[in-house]
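Data first, discussion second: the structure below is written as structure tokens.
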Amino acid sequence: MRPIPKMPRSYLGACAAVAVVVALGALWIGANGVWGWAPPRYTTDFHDEQARALLAGHIDVSPDVAGPEGWDMPNGTQFYPGVLPALVRLPLFALMPIREGVAGRYIVAGAALLTMMGAARLLWTARAIRVGPDPPDRAALVVGALWVLSVGAGSVLLPLTINPLSWHESALWGVAFAVLASDSLIRFLWQPAVRPLVATAAFAGAATMSRANVGAGFVVGLTVVAASSLYLVLIGTRTPVGPVPWLLGRPATAWVQHRRRMLLCLALVPLAVAGYCSVNQARFGHPVRIPWEKQHAYAEDAGSRALLEQNGNSYFQAATLPSNVLSFFRPDGVRFRSSFPYVTYLETPQIIEFPGTTYEIALETSSLTTTSPLLLLLAAAGVVALRRSAGAIAAPFRLPLLCTVLTAGTVLIFTCLSYRYVADLLPTTILLGAIALASPRAQRPNRLQWIGAAVMITWAAWVNVSFGLITQRVALPRDATDAAAWNRQSASIDVRLGTGPAIIEATAPPPDSVTTRWATPGCRRLYLSSGAFWVAVERRPGPDVVEVRATPSQDLAARSLVLRSRDGQEQYALRRSAWGVTLDRSVDGGASWSSAGLGKGVPGLRDEPVDVLVDEDQDLGRTTVLIGGRLVYVIGPRTPRFFEPAGGAAPVDPPTDPTPVCDAWRARSGR
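Per our numbering, residue 17 is the first one in the sequence shown, and the count goes up by one each step.
What follows is the structure, encoded as structure tokens:
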């Protein structure tokens, strides 16, 4: 077999240039055009906190940081996300002091960059096998650059990079190492050697320690190699038959007949899972199992706990397969809306009811068809190309494809639905897409194919940027000011484009929540829609909105009373911790206090005054409490109780222009 040459500088440079531009663009969008250390957002401090704990010599983390996402275990509060993103931070945190939650977006961009360059390397490997080692011409360079662009900007990787939540980062690292594992395993099966096999094990272990289900498929692939090695040595045949040569190819079957190499194969399998199992054992007392029933969120929510118990404390259920397949591959995985950026995800998935179908979480969803149309089309072409390829050419791709399909299979029976889980399908899609592009015809597209690719990449980039903006600025804003600022920005763009802002004035939420804005009569409140729920971005002063300012006690254990309900049933106090400020709640005026936000307080605010806002929203039937502009407490529906300042708190004067967008709309419409 001819060797796979190194990537030429011209090809590497073209792909790297596109990858860097996409990564920097995602950084710029995620930071709203502001460079530097970004303030922390929800869960962006999880991996930072885990890294700090590891540097201190322990695995448990602060319960204030974990909040509802933590586990109460005998050895302290634990996280469940993979530990590899924390390990990536160790050199940086060991060298310089960095506030938690502010470096994550740069590290996430690095994971996206690694994914794009891994995809470029995978395409080069597939091209060297299917086309030959000849240097790429200009058309092939453009194809490689567009391939990287379609992976980075034309897939769900883009909104995950824009929003560096802990789950998004784990998914990005998992996809990156799965792509690299695919490439190294293909190289091993094409021309067996020690280096690509060890690289496969290392990448499989890294993927498992990032997102377990993504790396598990490649652990299965290594097991197949090890079992085949043992089989060939035991039977002592030089002409193996059956599935072994079909899966491994004849070069690999000849390689694994040597006893020392067989021992290497057998040793790599436990090494690939050793990191994940060790961390899970240290966290939860079991090498594989995660005790979901002990998570804070389930301990505090009887309904979610009952659903989890109904599923046998597992997140996987075969009955969800039809609904998940429909959700991930439906062609209408996006909805158009009346305001910039004019598209959003689906509000709720369409559930196909089968006996035993129970979903733990069904959030905003979208499909691979909508977010990655070019990748999906190339993947379909890759299936055809693989079936038509000669046996020797197709052999090195079969086992890696099986590994990625096993990865995709886990998310297809997952009892949670959200558009971010589309990322688990990307290793399979990227591998098949690379196979499709690695052909002489695909290396020289005609004009119609160029235009079609450009249109699909443009559409996918628009959709994915929209998902990123709506999730970051509406669904999970950093604070109330952030959501209000986005409301003004999007309204300004609507006015410039002559489309709005479109606002529906009504006493109750419009039945179609894809409507971007809803105002209560007289602009008392203005709500912005994420496509899944409403967020209050403008509100007039009134008895149902109380904002106070207080300075918490310098005593870390003391509470500073700031709010009391007028019916005497509730009171709230600020408590300063070593990490930040937390809001505690007491019911019926008793002496027993509990954390109002499940321990999820606000970082910083160590010496300066703290603003607390309590909003008794009768329109949506819920109460929200914000500390320093950050949401820490939501409950509803309930009877409004109306709060007033207490203790050392003083009322804060309302803004002079509390509803600018709604007022401007009323003036233009003559209302």
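The C-beta atom is built at its ideal place from N, Cα and C for all residues, glycine as well. Keep in mind it's a predicted model, so treat the numbers as computed, not measured.
Going by Cα to Cα distance, which pick from the options is closest to residue i?
i, options, result
"A450", "L188, T675, L391, F300", "L391"
"L250", "A232, R266, L279", "L279"
"G168", "R203, P152, A127", "A127"
"E586", "L636, R504, A662", "A662"
"S685", "I520, D604, P149", "I520"
"A125", "R346, A469, L173", "L173"
"L111", "T93, D150, S455, R68", "R68"
"G237", "V421, L100, I145", "V421"
"R305", "A228, A102, S355", "A228"
"T531", "R457, R580, V359", "V359"
"K310", "Q94, S26, S545, T523", "Q94"
"S354", "S434, W534, R457", "W534"
"A524", "V511, L513, Y543", "Y543"
"R414", "T675, R203, G73", "R203"
"G546", "F352, A217, Q634", "A small fix is needed here, since residue 546 is Ser in this sequence, not Gly. Among F352, A217, Q634, the Cα nearest to that of S546 belongs to F352."
"H486", "G83, I178, G301, P443", "Before going on, a small fix: residue 486 reads as Ile here, not His. The residue with the shortest Cα to Cα distance from I486 is I178."
"M23", "T640, G148, L70, F109", "G148"
"S455", "V158, C31, A42, R146", "R146"
Can you give me the C-alpha to C-alpha distance between residue i and residue j, rounded to a whole angstrom?
i, j, result
"V241", "P307", "32 angstroms"
"D627", "G644", "5 angstroms"
"Q326", "A334", "14 angstroms"
"S383", "P338", "14 angstroms"
"D439", "L577", "Looking at the sequence shown, residue 439 is not Asp but Ala. Straight-line Cα distance between these residues: approximately 45 angstroms."
"W681", "V77", "48 angstroms"
"L417", "P113", "43 angstroms"
"R575", "R57", "25 angstroms"
"N503", "V677", "8 angstroms"
"R18", "L213", "18 angstroms"
"L246", "L284", "13 angstroms"
"L263", "W206", "12 angstroms"
"P152", "W140", "10 angstroms"
"Y361", "V350", "5 angstroms"
"E380", "P667", "37 angstroms"
"V481", "P175", "6 angstroms"
"W609", "V603", "8 angstroms"
"V691", "V553", "Only positions 17 to 687 of the chain appear in the structure, and residue 691 is not among them; the question remains open."
"L165", "S343", "25 angstroms"
"Q297", "P303", "5 angstroms"
"A548", "A499", "15 angstroms"
"L287", "A217", "8 angstroms"
"W44", "V37", "10 angstroms"
"I294", "F300", "Correcting the residue type first, residue 294 is Ser in the shown sequence and not Ile. Near 10 angstroms, if we compare the C-alpha coordinates of F300 and S294."
Indicate the three-state DSSP secondary structure (helix, strand or coil) for residue i in the structure shown.
i, result
"S244", "helix"
"Y543", "strand"
"W262", "helix"
"A552", "strand"
"E309", "helix"
"W87", "strand"
"S455", "coil"
"F95", "coil"
"I486", "helix"
"G637", "coil"
"F352", "strand"
"D80", "helix"
"V597", "strand"
"P416", "helix"
Beta-carbon separation of residue i and residue j under 8 angstroms?
i, j, result
"L129", "A47", "no"
"A142", "G160", "no"
"H184", "R436", "yes"
"G134", "H63", "no"
"G742", "G221", "Within the shown structure, residues of the chain are numbered from 17 to 687, placing residue 742 beyond reach of any answer."
"L162", "A469", "yes"
"G664", "A566", "yes"
"W475", "P389", "yes"
"V210", "V289", "no"
"F658", "R582", "yes"
"D80", "T598", "yes"
Report the CB separation of residue i from residue j in whole angstroms; it is logged as a contact under 8 angstroms.
i, j, result
"P493", "A507", "So it is not a contact: roughly 16 angstroms between Cβ atoms."
"L441", "A424", "5 angstroms"
"G98", "S226", "4 angstroms"
"V650", "R638", "6 angstroms"
"I429", "N340", "7 angstroms"
"T374", "S182", "In fact, because the Cβ distance is near 26 angstroms, the residues do not count as touching under 8 angstroms."
"A477", "G398", "22 angstroms between Cβ atoms; not a contact."
Under the criterion of a Cβ to heavy atom distance below 7 angstroms, does residue i qualify as lining the ligand GDP?
i, result
"L246", "Annotation note on the ligand GDP: not contained in the displayed structure, which lists no ligands."
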